[in-house]
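Novice:
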Amino acid sequence: MKGTCPTHEETTVADRQYDPGKDFIDTQDHSREELAGLLDLIALLKDADQDGACPELLKDVSLGMIFEEPSTRTRVSFEVAMVKLGGHALYLRPGEIHMGVRESLYDTAKVLSRMVDVIEARTLKHETCVELARWSDVPVINGLTDLNHPTQAICDVFTMREKLGELAGRTCVFVGDRTNVCSSTMWITTMFGMHFVHAAPPAYQAPAEWVAIAEENVARYGGSVTVTDDVAGAVANADVIYTDLWWWVDQEDEIPERRAAFMPDYQVTPELMAKAPEHAIFMHCLPASRGVEVTDAVIDSPQSVVFDQAENRLHAEKGILVWRTYPRIAHVSDELKAYHRGKVESFLATAHWDRRYPPPAPLA
Ligand code: CP
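For any residue, its number in our numbering is found by taking its place in the sequence shown, counting from 1, and adding 335.
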């Protein structure tokens with residue numbers, strides 16, 4: 336019997352649900368304890384990888400990677416992570432697969448669930464990723480939406496912990512636009528008991544609903560959340576100064592007004608870094624517009640950790656893939672594999688193939 340096939344029009348944001356026990360859509364769906372355990376898993380996998388001994392925990396596992404937008408770090412880190420873990424990844428680009436066009440998202444999710452073990456999705460709209468997760472029977476990992484970037488957030492607190500040690504009580508100042516990385520950084524740092532400050536001109540400051548989520552974290556885990564336009568005051572106590580692009584591809588017509596709003600006060604320059612404690616590190620999710628939100632003198636300085644941070648995307652993806660996928664896959668014994676191979680080989684030895692084309696003689 337054919338089930339109901341929901342369309343985009345028939346579903347509302349309110350009734351779209353996914354399973355935080357299966358998917359990774361938002362760090363807020365998980366406890367601090369669970370995410371702290373994930374950071375420990377990432378550290379183990381990074382250590383193993385650096386010894387050239389990454390365990391093949393996802394042997395023969397398949398990852399489907401959907402990208403509605405271009406990517407360097409997310410795409411490469413997920414694909415290489417799968418290879419290192421013994422599996423493999425398929426790059427699925429809209430226009431090359433029938434996703435939401437000629438085929439409903441529901442059907443795409445159901446079909447992919449029968450063929451791959453886990454899905455990574457970078458979607459233009461957060462609702463698309465949520466809907467995919469809702470209908471998918473295998474884990475869906477959010478690889479960035481217009482709302483948030485949770486895999487980047489995990490990488491970032493992992494990097495901060497590597498560089499600074501204990502996170503609780505540390506201060507992260509996010510300078511610049513209220514991007515999806517800004518929301519994710521606000522939520523993950525406050526979950527780990529940090530002080531988060533968003534320093535931006537009023538028109539580009541984090542909205543109240545993002546701050547309300549961070550305030551829930553602060554109530555549970557300590558730290559604080561502040562939004563200000565006083566960037567010099569904000570960085571005075573910073574352990575981390577983080578920035579992101581001032582505009583993205585769909586905001587190109589806003590470039591003059593955005594540049595005027597952010598320049599020069601919110602550009603991360605050596606002068607701004609000098610207002611922070613000497614030990615403060617500089618972070619950027621990349622890609623960066625050098626000479627726009629950050630100058631070369633900062634991004635290439637000893638305080639900058641951007642390339643360690645970028646490498647950590649690879650280690651973070653390994654941890655996230657194992658966390659979501661390893662408990663769900665069948666761990667088949669060598670005996671069962673030998674049993675099925677024997678059955679198929681016996682069949683092949685006696686099969687009535689088309690005898691006009693005899694098989695080649697075995698190699699000597
Ligand atoms: N930081 C990040 O997500 O980079 P990509 O867009 O290259 O994946």
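Heads up, the beta-carbon is just placed ideally off N, CA and C, and yes, glycines get one too.
Which residue or residues does DSSP assign as beta-bridge partners of T578?
Specialist: DSSP output for T578 lists V510, H619 as bridge partner(s).
Novice: Would you decide whether H619 is buried or exposed? Buried here means 16 or more other CB atoms lie within 10 Å of its CB.
Specialist: It counts as buried.
Novice: Return yes when at least one heavy atom of the ligand CP lies under 7 Å from the C-beta of H484, else no.
Specialist: The answer is yes for H484.
Novice: Near the ligand CP, which residues have their beta-carbon less than 5 Å from any of its heavy atoms, given in chain order?
Specialist: Per the Cβ criterion, the list is S406, T407, R408, T409, C620.
Novice: Sort out for me which residues DSSP pairs A456 with in a bridge.
Specialist: According to DSSP, which records beta bridges pairwise, A456 is partnered with I401, N477.
Novice: On the three-state DSSP scale, how would you describe E344?
Specialist: Bear in mind that a pLDDT of 45 at E344, under 50, signals an unreliable position, so the number given afterwards is only what the model happens to contain. In the structure shown, E344 sits in coil (DSSP, three-state: anything other than H, G, I, E or B).
Novice: Which runs of the beta strand (DSSP E), 3 residues or longer, sit entirely within the region 413–451?
Specialist: Segments of the beta strand (DSSP E) lying fully in the region 413–451: 423–427.
Novice: What does DSSP give as the partner residues of R496 in its beta bridges?
Specialist: None, per the DSSP bridge assignment.
Novice: Contact check, T563 vs A569 under 8 Å by CB: the rounded distance?
Specialist: Sure, about 6 Å apart at Cβ, within 8 Å.
Novice: Report buried or exposed for H687, applying the criterion of at least 16 other Cβ atoms within 10 angstroms of its Cβ.
Specialist: It counts as exposed.
Novice: Would you call S668 buried or exposed, if buried means 16 or more other Cβ atoms sit within 10 Å of its Cβ?
Specialist: It counts as exposed.
Novice: What's the call for L671, buried or exposed, on a 16-neighbour Cβ count within 10 Å?
Specialist: L671 comes out exposed.
Novice: Which of helix, strand or coil does DSSP assign to R625?
Specialist: The answer is strand: DSSP assigns R625 an E or B state.
Novice: Excluding the 5 residues flanking L374 on each side, which residues of the same chain have their C-beta closer than 6 Å to its C-beta?
Specialist: The residues are F493.
Novice: Got a sec, what are the start and stop residues for the beta strand (DSSP E) T660 sits in?
Specialist: First-last for T660: 641–660, but that is the alpha helix (DSSP H), not the beta strand (DSSP E).
Novice: Is H533 helix, strand or coil by DSSP?
Specialist: In this structure, H533 counts as strand in the three-state DSSP scheme.
Novice: When you compare only the Cα positions, how much space is there between H365 and P474?
Specialist: Looking at the two C-alpha atoms, the distance is approximately 15 Å.
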